[in-house]
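Residue numbers (my numbering), protein chains in the order written: chain A, 1 to 233; chain B, 1001 to 1233. Glycine residues also receive a C-beta, built at the ideal position from the N, C-alpha and C atoms. These numbers come from a predicted model, not from an experiment. Single-structure report; data block below.
Protein chains: 2
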Amino acid sequence: MTAKNRTGTSKAVYLKLKEQILHLELPPGAAISEIETAEKYEISRTPVRDAFKMLENEGLLEIRPHIGTFVSLIDLNMISDILYMREVLEQAVFRDLASIYDKSHEFGIRLILQKQKEMLDSALPPDELSRSFIISDNIFHNTLYELAGRKNVMCFWQSINSQYERFRTFLNLGDRENLLRLYHGHEILWECISHKDYGNLSKSISHHIYDGFNSSTEVVSRHPEYFKHGKTE
Amino acid sequence: MTAKNRTGTSKAVYLKLKEQILHLELPPGAAISEIETAEKYEISRTPVRDAFKMLENEGLLEIRPHIGTFVSLIDLNMISDILYMREVLEQAVFRDLASIYDKSHEFGIRLILQKQKEMLDSALPPDELSRSFIISDNIFHNTLYELAGRKNVMCFWQSINSQYERFRTFLNLGDRENLLRLYHGHEILWECISHKDYGNLSKSISHHIYDGFNSSTEVVSRHPEYFKHGKTE
DNA sequence: GCATTGACACTTGTATACAAGAGTGATATA
DNA sequence: TATATCACTCTTGTATACAAGTGTCAATGC
């Protein structure tokens, strides 16, 4: 973290902290101080404050004036609603994409899918595999949104996706078995789109999204302190 | 703007500026300086900067480092995608609401609708009528989301709704005739929900949302400098 | 006349000092 | 012993000084 930059310092801190939060190195509920962070990266409080505000906007931090700043607890109700939005939006967007699908779209998508398959067949260490695959997963979805002409929907989406990303990491949805299921989900998704199979498209999207989430109760109960258990309404 | 507060100053400035932007008192493209704003409200640059960042997050300001800060142009592609998301999400949420509807929901909604009717029948000056009605319009939609048990969806929604609000003001969708159409849209919407009339529900939502937007080209062409006419893709 | 250059006035980004809320714990008092 | 109070230290909020990028425009050299 060079201290010479006169621009981009805030963003660098933001990205660094975000990574640590998403990978649970900064666990939910942890206290995080402006001064501490500033000293750690040898910068002043100002860019740190900027970064904190950005993370607060994404729901990853909770700033309580004159008390402290804390990594936000995982709000299962929020996660549920995020998945709901994703389900509804993707069903609509991908249905639109299927309706305008033509052969020219094939190549780009096949390329991404093949890359994912190669990753899974490779001998990458689990941690690295997981990280690479999730990046490629995002690219896959981004590309579909873009082909459907709904780039803005994707843009907006990324701003609230952080909380779900963290949850996904927590569930350790990154092991090989889960990644394989994700990959097969992608293949099925694309089959449905390219064959304009609207009936199975909706079902495969819902399954793809909620896969893993519904079987999370057992894992969640092992770290109750990470979760917000407010009023269930 | 009291300068004695040690908390809440940023938020106050944010709300004030947001109001001015949404009501086009600060028109799209206008330059707005941190120092100027700070002097105007007799505070320092710090809370002004915070407010600017918040508005940038909502897409209402564009901060160009070392150049200046400008009220963002209205991006019609973005508006289109926002309406699309709203259409898709509301169709899903309201359909869910219809499926769990029972008589106990009736009273609260009827109360809101009656209030709106009274507004329209009153002799309020157009400006005030418009403002009050839009607030009540938001309450109406909020309540429906809440009844459907999707409060978080609404929350998230409000964070990207600002740009649409501004566009709506620009179109002068606040005149009595348009407000009446909005009101009738509400009545029809609620009829569909309470009678579980799924077929007409989707249609009336789409109509309610796009009403006014499609007839906007003429008005838009009168102020081309307010709009972003980037690549149409 | 034209192009280049450099001083200058602006902007936002960053660093730092101070203000004030909020919790903690020791101490004085009943 | 129980309780209230006050000092201390932590936090974030705000004010201000300085750094550095960017564009303007006039002066200078050709």
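Can you tell which of the options has its C-alpha closest to the C-alpha of residue i?
i: residue 1242(B); options: 1218(B), 1225(B), 1179(B) and 1228(B); result: Within the shown structure, residues of chain B are numbered from 1001 to 1233, placing residue 1242(B) beyond reach of any answer.
i: residue 110(A); options: 13(A), 194(A) and 226(A); result: 194(A)
i: residue 192(A); options: 58(A), 99(A) and 19(A); result: 99(A)
i: residue 1166(B); options: 1073(B), 1091(B) and 1039(B); result: 1073(B)
i: residue 90(A); options: 189(A), 25(A) and 51(A); result: 189(A)
i: residue 176(A); options: 133(A), 112(A) and 80(A); result: 133(A)
i: residue 140(A); options: 157(A), 108(A) and 131(A); result: 108(A)
i: residue 171(A); options: 117(A), 137(A) and 226(A); result: 226(A)
i: residue 86(A); options: 181(A), 155(A) and 228(A); result: 155(A)
i: residue 1037(B); options: 1059(B), 1013(B), 1027(B) and 1021(B); result: 1013(B)
i: residue 181(A); options: 198(A), 122(A), 117(A) and 7(A); result: 117(A)
i: residue 219(A); options: 76(A), 199(A), 138(A) and 47(A); result: 76(A)
i: residue 79(A); options: 222(A), 20(A), 221(A) and 161(A); result: 161(A)
i: residue 1008(B); options: 1129(B), 1047(B), 1200(B) and 1031(B); result: 1047(B)
i: residue 84(A); options: 1151(B), 1050(B) and 1082(B); result: 1151(B)
Do you know offhand how far residue i's Cα is from residue j's?
i: residue 23(A); j: residue 163(A); result: 11 Å
i: residue 1212(B); j: residue 206(A); result: 33 Å
i: residue 1056(B); j: residue 1069(B); result: 9 Å
i: residue 1044(B); j: residue 29(A); result: 33 Å
i: residue 3(A); j: residue 17(A); result: Residue placement at residue 3(A) cannot be trusted, given a pLDDT of 44 that sits under 50; the coordinates are not used to answer.
i: residue 1115(B); j: residue 1183(B); result: 11 Å
i: residue 1224(B); j: residue 126(A); result: 54 Å
i: residue 1101(B); j: residue 1033(B); result: 50 Å
i: residue 185(A); j: residue 11(A); result: 34 Å
i: residue 271(A); j: residue 92(A); result: Outside the displayed range of chain A (1 to 233) lies residue 271(A), so it cannot be described from this structure.
i: residue 54(A); j: residue 1159(B); result: 14 Å
i: residue 97(A); j: residue 105(A); result: 10 Å
i: residue 95(A); j: residue 153(A); result: 14 Å
i: residue 1052(B); j: residue 25(A); result: 31 Å
i: residue 143(A); j: residue 112(A); result: 9 Å
i: residue 40(A); j: residue 157(A); result: 32 Å
i: residue 1202(B); j: residue 1088(B); result: 9 Å
i: residue 1138(B); j: residue 1131(B); result: 11 Å
i: residue 1169(B); j: residue 1215(B); result: 14 Å
i: residue 1187(B); j: residue 1124(B); result: 22 Å
i: residue 27(A); j: residue 71(A); result: 7 Å
i: residue 1119(B); j: residue 1129(B); result: 7 Å
i: residue 103(A); j: residue 1059(B); result: 36 Å
i: residue 198(A); j: residue 1204(B); result: 24 Å
i: residue 31(A); j: residue 136(A); result: 32 Å
i: residue 1042(B); j: residue 1035(B); result: 10 Å
i: residue 20(A); j: residue 1228(B); result: 37 Å
i: residue 222(A); j: residue 1081(B); result: 40 Å
i: residue 15(A); j: residue 1122(B); result: 53 Å
i: residue 49(A); j: residue 217(A); result: 35 Å
i: residue 1200(B); j: residue 200(A); result: 25 Å
i: residue 67(A); j: residue 1067(B); result: 36 Å
Kindly list, in the order they appear in chain B, the residues whose Cβ is closer than 9 Å to that of residue i.
i: residue 28(A); result: Correct list: empty, because the minimum Cβ distance to chain B is about 17 Å.
List, in order along the chain, the chain B residues whose C-beta lies closer than 7 Å to that of residue i?
i: residue 160(A); result: 1156
i: residue 127(A); result: Those do not exist, as residue 127(A) stays about 31 Å from chain B at its closest Cβ, beyond 7 Å.
Could you name the residues that DSSP lists as bridge partners for residue i?
i: residue 1075(B); result: 1228(B)
i: residue 1108(B); result: Residue 1108(B) is not bridged to any residue.
i: residue 68(A); result: 64(A)
i: residue 1038(B); result: Paired residues: none, contrary to the question.
i: residue 235(A); result: With chain A running from 1 to 233 in the structure shown, residue 235(A) is simply not present.
Which residues of chain B have a Cβ atom closer than 8 Å to the Cβ of residue i, listed in chain order?
i: residue 102(A); result: By Cβ distance, chain B contributes nothing, its closest Cβ being about 16 Å from residue 102(A), past 8 Å.
i: residue 150(A); result: 1081 and 1084
Mind listing the chain A neighbours of residue i? Cutoff is C-beta to C-beta under 8 Å, in chain order.
i: residue 1245(B); result: One cannot answer for residue 1245(B) here, as it falls past the ends of chain B, which runs 1001 to 1233.
Cβ closer than 9 Å: which chain A residues qualify as neighbours of residue i?
i: residue 1007(B); result: 65 and 66
Using a C-beta to C-beta distance shorter than 7 Å, which residues of chain A count as neighbours of residue i?
i: residue 1077(B); result: 152
i: residue 1092(B); result: 88
i: residue 1057(B); result: 57
- Message: Below 8 Å, how does it come out for the segment 1136-1150 of chain B and the segment 1053-1069 of chain B: are there three or more Cβ pairs, yes or no?
- Response: Output reads no: the segment 1053-1069 of chain B does not touch the segment 1136-1150 of chain B.
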